[in-house]
Amino acid sequence: MKTSPPSRAADQFVVRLPVGMRDRIAEEAKANNRSMNAEIVFRLAQSLEPANVGNTPDAQATAIAEKLAAPVNRQTLESLVETLLKLGGR
55 MKTSPPSRAA DQFVVRLPVG MRDRIAEEAK ANNRSMNAEI VFRLAQSLEP ANVGNTPDAQ
115 ATAIAEKLAA PVNRQTLESL VETLLKLGGR
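Numbering (my numbering), first residue to last: 55 to 144.
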């Protein structure tokens, strides 16, 4: 009995892409010498890596906000704002 190649036995999923995204994926796949499927799978896998999970713009913004809200940084920021307001009032 003939067996199917692994790619044929893999899960398949239909995805609706926003207008223009298919072309962008095709360009990136070509630049990286990959099929569109391989490009999509590669990028999804990268986004799910533990090191990248917290590396989203929201996570980065939250981390920056937390640092700025720290007492030492807050005091420095308040001092800077006060100085800038004085300079702006000249």
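Idealized CB from N, CA, C, for every residue including glycine.
Spatial distance of residue i from residue j (CA atoms)
{"i": "L141", "j": "E81", "result": "49 Å"}
{"i": "L71", "j": "N87", "result": "21 Å"}
{"i": "L139", "j": "F67", "result": "56 Å"}
{"i": "E136", "j": "E120", "result": "21 Å"}
{"i": "N127", "j": "M75", "result": "41 Å"}
{"i": "T130", "j": "P60", "result": "58 Å"}
Opening and closing residue of the alpha helix (DSSP H) in which residue i lies
{"i": "F96", "result": "90 to 102"}
{"i": "R76", "result": "75 to 85"}
{"i": "R62", "result": "60 to 63"}
Helix, strand or coil at residue i according to DSSP, with G and I counted as helix
{"i": "D112", "result": "helix"}
{"i": "L134", "result": "helix"}
{"i": "R70", "result": "coil"}
8 Å contact criterion, which residue i and residue j should meet: CB distance rounded
{"i": "M90", "j": "A83", "result": "5 Å"}
{"i": "I79", "j": "I94", "result": "6 Å"}
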